[in-house]
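Asker: In order, the protein sequences belong to chains C and U.
Each number in the numbering used here comes from the position in the first sequence (counting from 1) with 1402 added on.
Each number in the numbering used here comes from the position in the second sequence (counting from 1) with 29 added on.
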Amino acid sequence: MLSDQVQKEIRGELEHYPTPRAACIEALKIVQKHERWVSDEALQEVAALIGIAAAELEGVATFYNLIYRQPVGEHVILLCDSVSCWLTGCEKIRSGLRERLGVDYGQTTADGRYTLLPMACLGNCDHAPSLMIDEDLHQDLTPEALDGILEEVE
Amino acid sequence: MERPLTQNIDRGREPLGLKAYEAAGGYQAVRKVLTEMTPEQVTKAVKDSGLRGRGGAGFPTGLKWSFVPMGDDAPHPKYLVCNADEMEPGTFKDRVLLEGDPHLMVESMIVAGYAMGADVGYIFLRWAYRLADRRLRAAIAEATAAGYLGDNILGSGYSLTLHVHVSAGRYICGEETALLNSLEGRRATPRAKPPFPQVSGLWGKPTIVQNVETLCNVPHVINRGADWFRGLSRTEEGGTKLYGVSGRVKNPGCWELPMGTPIREIVEEHAGGMQDGLKLRGLLPGGASTDFLVEEHFDTPMDYTSIQAAGSRMGTGTMILLDDGNCPVGMALNMQNFFARESCGWCTPCRDGLPWIEKLLQAIENGDGHADDLDLLDAHARDLGPGNTFCALAPGAMEPLHSGLKFFRQDFERHIAGKGCPWS
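Okay, structure coming up:
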């Protein structure tokens, strides 16, 4: 059941667009902000609230990589794996995260704390390699710096 | 040297608020167009300046605007959309403007909106730019409170509402018609052109989609004029350009320089040259979907015409440098992995061709390549080129592949003959 708060925020977004459908991506993001991911139940309720078919909304939800249709951990690590970060060693950062957390791309730690995902260019190429943890950007990464960054999150 | 786009930007402090921005001459272009100019005169001024789109394609901006239906019987609402989805790998220039001078972005939207008679504006911002999101919203709130946005702006009779739309990912959203589908709450697949968005865009209404850097030039063109703008450049193409360098150089970064500054000057004087012990082998001049240039091209001025004559495209103007400590096949594999992953899946050559290319490159990199794999790659580079796909994603992906196969052929052959990557 979508909470009153989620429903209120979704209704607020509807005002920014001439058709309710246009607010559907924003609506999914609102659900995700509160629930961390979009469950089947939430998807169906959002579709009903907006007035489009659930299958239509599923087509949209599965297209965008930042809408999560599977549960994710408490913190999502988005590691940039595009070319500038590749040239400056993002694969070493990926190994560093694998060693520290025991997860690779698409996996969540056993304790449910972290999900690691690859991310298209973060637009921070002058400080490559870069990653984001939730909404925070971390840059000029070295494998050694990961300890401090993860400690900060904890 | 004048730096109109970045004159207010100091990345070490907060951006200028409304009062400070006004004190620095901000919102003068809004006042000028609303009180002294017709929309057509604004478009003509932009046309005269020779401003070309800074998002990658380089289309003349004033010409683009001139296709929008004007006059009393023009369809409404009209929409102005700022493409702030900066996702071209290696590109980080619009971030500098969005974070550094959000009021310039807002002012640019008002001036351009007035020229086309837009009723509503959207800034389509990629999710990762969290700081830009906060700063833009703050600037929009300030500008609205001051009467620069909303109904009857400064008593002129012109009204514009401005929204920030934060994307949920996918590179293809940078393609203007895919972006419009995304704004409408659909899968971001590109649309057939024609009709062009200027005539039938967002919700079937006249729409202009324009890159951040392009728009940010407009208030300056209005304030200072076309001759001044052309005079900023070192070549025939007007204005300044935000150039960037990434890769293993001493000082990666982004600088506003005169249009037409030569590649070598940007790499050596501004980026400080390669890190010690590394040699520059080649570079992509404007993002991952531009052709490699090599030593013989490094004295080329960075402008649209010169880079095209050298066999590539200026693209976004942010260069990616390949050094001799990195493997050209590995770099090609990384980029084709990106393009295969980011294909929207709408048309078959792109959806099926890019993963095939990725697999071939992975095999070569792993030491499982065959001699005829290079012919297959050459064939793909032709078959996924312009004219064979629905949009420009796959042809863009083929640019670094085609030119990489040409300039680094021996490295590909060494992988196959030696059954493995010499760099690993």
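In this text, a Cβ means the ideal position worked out from N, Cα and C, and glycines have one as well.
Bear in mind that the values here come from a model prediction, so they are computed numbers and not experimental data.
Can you look up U:His105 in the DSSP assignment and give me helix, strand or coil?
Answerer: Coil, per DSSP.
Asker: Can you list, in chain order, the residues of the segment 187-200 of chain U whose Cβ is nearer than 7 Å to any Cβ on chain C?
Answerer: Going along the segment 187-200 of chain U in chain order, one finds His192, Ala197, Gly198, Arg199 and Tyr200 with a Cβ nearer than 7 Å to chain C.
Asker: State the Cα-Cα distance for the pair U:Ala53 and U:Gly150, rounded to the nearest angstrom.
Answerer: Using only the alpha carbons, I get a separation of about 25 Å.
Asker: Select from the segment 1486-1515 of chain C all residues with a C-beta closer than 7 Å to any C-beta belonging to chain U, and list them in chain order.
Answerer: Under the 7 Å Cβ criterion, the segment 1486-1515 of chain C contributes Ser1486, Trp1488, Leu1489 and Thr1490.
Asker: Measuring only between beta-carbons, confirm whether C:Pro1545 sits less than 8 Å from chain U.
Answerer: Answer no: the Cβ-Cβ gap between C:Pro1545 and chain U never drops below 8 Å.
Asker: Give a yes or no on contact between the segment 271-288 of chain U and the segment 120-130 of chain U, applying the rule of three or more CB pairs nearer than 8 Å.
Answerer: The segment 271-288 of chain U is in contact with the segment 120-130 of chain U.
Asker: Helix, strand or coil for U:Arg263, going by three-state DSSP, please let me know.
Answerer: Looking at U:Arg263 - three-state DSSP - the assignment turns out to be coil, as it is neither helix nor strand.
Asker: Got a sec: is the Cβ-Cβ distance from U:Cys349 to anything in chain C below 8 Å?
Answerer: It is worth fixing the name first, because residue 349 of chain U is Ile in this sequence and not Cys. At least one chain C Cβ lies under 8 Å of U:Ile349.
Asker: Can you list, in chain order, the residues of the segment 89-117 of chain U whose Cβ is nearer than 9 Å to any Cβ on chain D?
Answerer: In summary, chain D is missing from the structure at hand, where the protein chains are C and U.
Asker: Note the first and the last residue of the continuous alpha helix (DSSP H) segment covering U:Leu383.
Answerer: Start and end: Thr377 to Asn395.
Asker: Give the straight-line distance between the Cα atoms of U:Gly267 and U:Gln239, rounded to the nearest whole angstrom.
Answerer: Approximately 18 Å between the Cα atoms of the pair.
Asker: Quick check on this structure: which residue in U:Ser185, U:Thr72 and U:Val195 has the alpha carbon closest to the alpha carbon of U:Ala157?
Answerer: Among U:Ser185, U:Thr72 and U:Val195, the Cα nearest to that of U:Ala157 belongs to U:Val195.
Asker: Are the segment 228-247 of chain U and the segment 109-118 of chain U touching by the rule of at least three beta carbon pairs closer than 8 Å?
Answerer: Counting Cβ pairs under 8 Å, three or more are found: they touch.
Asker: Ignoring anything shorter than 3 residues, give me the beta strand (DSSP E) runs that lie fully in the segment 332-362 of chain U, in order along the chain.
Answerer: Listed in chain order, they are 347-352.
Asker: Just to make sure I have the definition right: I need the residues of chain C whose C-beta is within less than 8 Å of the C-beta of U:Tyr158. Which are they?
Answerer: Those are Gly1525, listed as they occur along chain C.
Asker: Can you round the beta-carbon distance between C:Gly1475 and C:Thr1511 to whole angstroms, since I take them to be within the 8 Å contact cut?
Answerer: Right, their Cβ atoms sit about 6 Å apart.
Asker: Return the chain-ordered list of same chain residues with a C-beta closer than 6 Å to the C-beta of U:Leu413, the five sequence neighbours on each side being excluded.
Answerer: Pro378, Gly382, Ala423 and Met427.
Asker: Please determine, among U:Pro451, U:Gly87 and U:Lys48, the residue with the shortest C-alpha to C-alpha distance to U:Leu244.
Answerer: Nearest option by C-alpha distance: U:Gly87.
Asker: Below 7 Å between beta carbons is the criterion; list the residues of the segment 1457-1482 of chain C that meet it against any residue of chain U, in chain order.
Answerer: If the cut-off is 7 Å between Cβ atoms, the segment 1457-1482 of chain C has Gly1461, Val1462, Phe1465, Tyr1466, Asn1467, Leu1468 and Ile1469 near chain U.
Asker: At what residues does the beta strand (DSSP E) containing U:Val75 begin and finish?
Answerer: It is not in any beta strand (DSSP E) - U:Val75 instead sits in the alpha helix (DSSP H) that spans Pro68 to Ser78.
Asker: Within its chain, find whatever has a CB closer than 6 Å to the CB of U:Tyr50; leave out the 5 residues flanking it on each side and keep chain order.
Answerer: Closer than 6 Å at Cβ, skipping near neighbours: His132.
Asker: Below 6 Å CB to CB, which residues in the same chain sit around U:Pro248 once its five sequence neighbours on both sides are set aside?
Answerer: Ala58, Glu136, Ser137 and Val140, listed in sequence order.
Asker: From C:Gly1414, C:Asn1467 and C:Ala1455, pick the residue whose C-alpha is nearest to that of C:Ala1522; which is it?
Answerer: Checked all of C:Gly1414, C:Asn1467 and C:Ala1455; the closest Cα to C:Ala1522 is C:Asn1467.
Asker: Roughly how many whole angstroms lie between the Cα atoms of U:Ala446 and U:Gln439?
Answerer: Rounded to the nearest angstrom, the two C-alpha atoms are 10 Å apart.
Asker: Expressed to the nearest angstrom, what Euclidean distance is found between the alpha-carbon atoms of U:Ile152 and U:Ala161?
Answerer: Distance between the alpha carbons of U:Ile152 and U:Ala161: 11 Å.
Asker: Residues in its own chain within less than 7 Å of U:Leu405 by CB, not counting five upstream and five downstream?
Answerer: Excluding sequence neighbours, U:Leu405 sits near Leu389.
Asker: Inspect the CB distances between the segment 66-79 of chain U and the segment 197-209 of chain U and report whether three or more fall short of 8 Å.
Answerer: With a cut-off of 8 Å, the segment 197-209 of chain U and the segment 66-79 of chain U do not count as touching, because too few Cβ pairs lie within range.
Asker: Taking Cβ positions only, does C:Asp1589 come closer than 8 Å to chain U?
Answerer: It is not possible to answer for residue 1589 of chain C, since the shown part of chain C is limited to 1403 through 1556.
Asker: Excluding the 5 residues flanking C:Ala1547 on each side, which residues of the same chain have their C-beta closer than 7 Å to its C-beta?
Answerer: Contacts found: none.
Asker: Would U:Ala317 count as contacting chain C if we go by Cβ distances under 8 Å?
Answerer: Yes, its Cβ sits closer than 8 Å to a Cβ of chain C.
Asker: Could you tell me the boundaries of the alpha helix (DSSP H) in which U:Gln439 lies?
Answerer: Note, U:Gln439: alpha helix (DSSP H), Arg438 to Ala446.
Asker: Buried or exposed for C:His1436, please, with buried defined as at least 16 other CB atoms from any protein chain shown within 10 angstroms of its CB.
Answerer: The residue is exposed, with fewer than 16 neighbouring Cβ atoms inside 10 Å.
Asker: Can the beta-carbon of U:His326 be found less than 8 Å from the beta-carbon of U:Ala317?
Answerer: Result no, Cβ atoms of U:His326 and U:Ala317 do not sit closer than 8 Å.
Asker: Quick check on U:Met360 - is its C-beta less than 8 Å from some C-beta in chain C?
Answerer: It does: the Cβ of U:Met360 has a partner Cβ on chain C nearer than 8 Å.
Asker: Is any beta-carbon of chain U found at less than 8 Å from that of C:Lys1431?
Answerer: Yes - at least one Cβ of chain U is within 8 Å of the one on C:Lys1431.
Asker: Taking DSSP's pairing of strands, which residues face U:Arg270 in a bridge?
Answerer: As written in the sequence, residue 270 of chain U is Lys, which differs from the Arg given in the question. DSSP output for U:Lys270 lists U:Leu286 as bridge partner(s).
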